[in-house]
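Data first, discussion second: the structure below is written as structure tokens.
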Amino acid sequence: MFDIGWTEITVILVIAIIVIGPKDLPKVLRTVGQWVARAKAMTRDFRGHVDEMIRETEIDEVKKQIDSIDKFDANSALENTIDADGDIREAFDFDDSNTIDSNDQSQNEGSIDDNRELSKRIDEDTGRDAENFDDSLDKLKGSDT
Numbered sequence: 002m003f004d005i006g007w008t009e010i011t012v013i014l015v016i017a018i019i020v021i022g023p024k025d026l027p028k029v030l031r032t033v034g035q036w037v038a039r040a041k042a043m044t045r046d047f048r049g050h051v052d053e054m055i056r057e058t059e060i061d062e063v064k065k066q067i068d069s070i071d072k073f074d075a076n077s078a079l080e081n082t083i084d085a086d087g088d089i090r091e092a093f094d095f096d097d098s099n100t101i102d103s104n105d106q107s108q109n110e111g112s113i114d115d116n117r118e119l120s121k122r123i124d125e126d127t128g129r130d131a132e133n134f135d136d137s138l139d140k141l142k143g144s145d146t
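For the sequence shown, the tail end lands on 146 under our numbering, and the numbers increase by one without skipping.
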């Protein structure tokens with residue numbers, strides 16, 4: 002951890018015995034051990050907080066990616082890929098004058114009713130003409146025989 006070899010540890014212990022004395026050495030070692038334990042606990046706690054922040058950041062990035070997928074418009078992406086310069090769209094654009102609005106539609110409905118009435122009259126007239134034709138044909142056949 003600190004790259005301290007056995008020789009350095011031995012030198013530190015000899016100096017500690019000389020300075021502190023053999024009588025107080027166990028108390029000092031116990032106190033140093035408690036400090037080291039607290040330092041390890043703080044390091045572990047700090048590392049846990051850093052790991053949690055990293056996880057939250059990764060989760061936020063994943064959320065952003067999911068949100069960007071929700072906002073993705075496949076139709077426009079496909080259109081941009083196929084028709085990047087807009088030539089195809091321009092070729093198929095129609096004038097707005099060709100569209101039917103609600104006023105034109107009501108006028109067309111009136112003309113449709115008129116057309117139906119005309120169709121009925123034509124059918125009636127055609128039926129009469131067909132009957133007259135059949136009568137004329139029968140008369141001609143009768144006069145030939």
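In this text, a Cβ means the ideal position worked out from N, Cα and C, and glycines have one as well.
Kindly list the residues whose CB is nearer than 7 Å to the CB of residue i, restricted to its own chain and excluding five residues on each side of it in sequence; keep chain order.
i	result
residue 18	26
residue 112	none
residue 90	84
Where does residue i sit, in a helix, a strand or coil, going by DSSP?
i	result
residue 73	coil
residue 27	helix
residue 78	helix
residue 38	helix
Alpha carbon to alpha carbon, how far is residue i from residue j?
i	j	result
residue 139	residue 122	26 Å
residue 38	residue 23	23 Å
residue 47	residue 9	29 Å
residue 80	residue 54	40 Å
By Cβ distance, which residues of its chain are closer than 6 Å to residue i, with the 5 residues on each side in sequence left out?
i	result
residue 34	none
residue 12	none
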